[in-house]
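In the working numbering, the protein residues as written are 1 to 307.
Here a beta-carbon is modelled for each residue, glycine too, at the ideal position from N, C-alpha and C.
This is the structure we're talking about:
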């Protein structure tokens, strides 16, 4: 299995830290373009629950995010290790290629460029939806990838169309498949290379074990370069929370999730970069499953599955 840490080391010849920022975007599933309220599992803060305030400039957000990593550097320095600080800036919150209905995307282009100009930044990662990649955005990202490292993270979640509709995902599987293809084409046309990562959730209401494994197979068929897998967790302030409390569905146990991961890993080719095998839910609003709150322990147990 090719971990993201090893992947970054191959590219940058050293450890690289990913730091999250907020581009100040919304989502077509929230502003009325597709709907309101977002996906059924999405909190009011989007996917970024641990990022600097969007009221800060992008430069201030980057410095604030760097400060959170400094503790790790301090511990390494205390052990006498030589430290070279390099970062990938992750535009994580909501849909970071979506400027809003009828809005100029140049503001986003400027933010991406400013992030790359920050000290010690070696690349950017952008979280988005497969249906929020305009021709202009694709062209810009392709050209950008010709001169720096660019990672595009697509929320796919499930290949089960019925489950996707229940979750209010707002696009069909074909849109996702086409997005991966056009991203690669845009980069190739500009003489660059985009690293495309697909987000998958195990345990969505309505998904069977075979549905979840089929979702992984769909990601592989799309020629995604990387994959992020997490278990579904329920947080306060979501429509999913209300349905969970009525007993409409149950979340996966740790044993069930680990079993799914054990069945997933053999499906992945050697060149597939595994960016995540667990999530990091905000403890203050986490409802279930409770075992996901101890991320360090979960990661240690997961490592034993593939060590």
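- Three or more Cβ pairs closer than 8 Å define a contact, and the stretch 147-154 meets that threshold against the stretch 189-202.
- Put simply, the stretch 208-224 does not touch the stretch 237-249. Fewer than three CB pairs are less than 8 Å apart.
- Counting of Cβ neighbours within 10 angstroms places residue 43 among the buried residues, the total reaching 16 or more.
- Between the stretch 156-168 and the stretch 182-193 there are fewer than three C-beta pairs closer than 8 Å, too few to call the two in contact.
- Only residues of its own chain outside the window of five on either side were considered, and among them 85, 86, 87 have a CB closer than 7 Å to the CB of residue 120, listed in chain order.
- In terms of Cα proximity to residue 149, the closest of 134, 104, 123, 265 is 123.
- Contact check for residue 136 against residue 105 passes: the beta carbons are separated by less than 8 Å.
- With fewer than 16 other CB atoms across the displayed protein chains lying within 10 angstroms of its CB, residue 53 is exposed.
- Residue 202: member of the beta strand (DSSP E) spanning 194-202, first to last residue.
- DSSP places residue 106 in the helix class (H, G or I) of the three-state scheme.
- In the displayed model, residue 86 falls within coil according to three-state DSSP, outside both helix and strand.
- Per the DSSP secondary-structure output, residue 91 pairs in a beta bridge with 21, 126.
- A direct Cα-to-Cα measurement between residue 31 and residue 100 gives close to 8 Å.
- Going by beta carbons, residue 65 and residue 21 fall inside the 8 Å limit.
- With contacts defined as CB atoms closer than 8 Å, residue 233 and residue 281 qualify as a contacting pair.
- DSSP places residue 171 outside both helix and strand once states are collapsed to three, so it counts as coil.
- DSSP places residue 148 in the coil class of the three-state scheme, outside both helix and strand.
- Annotated as distal: residue 182 and residue 231, with beta-carbon spacing of 8 Å or more.
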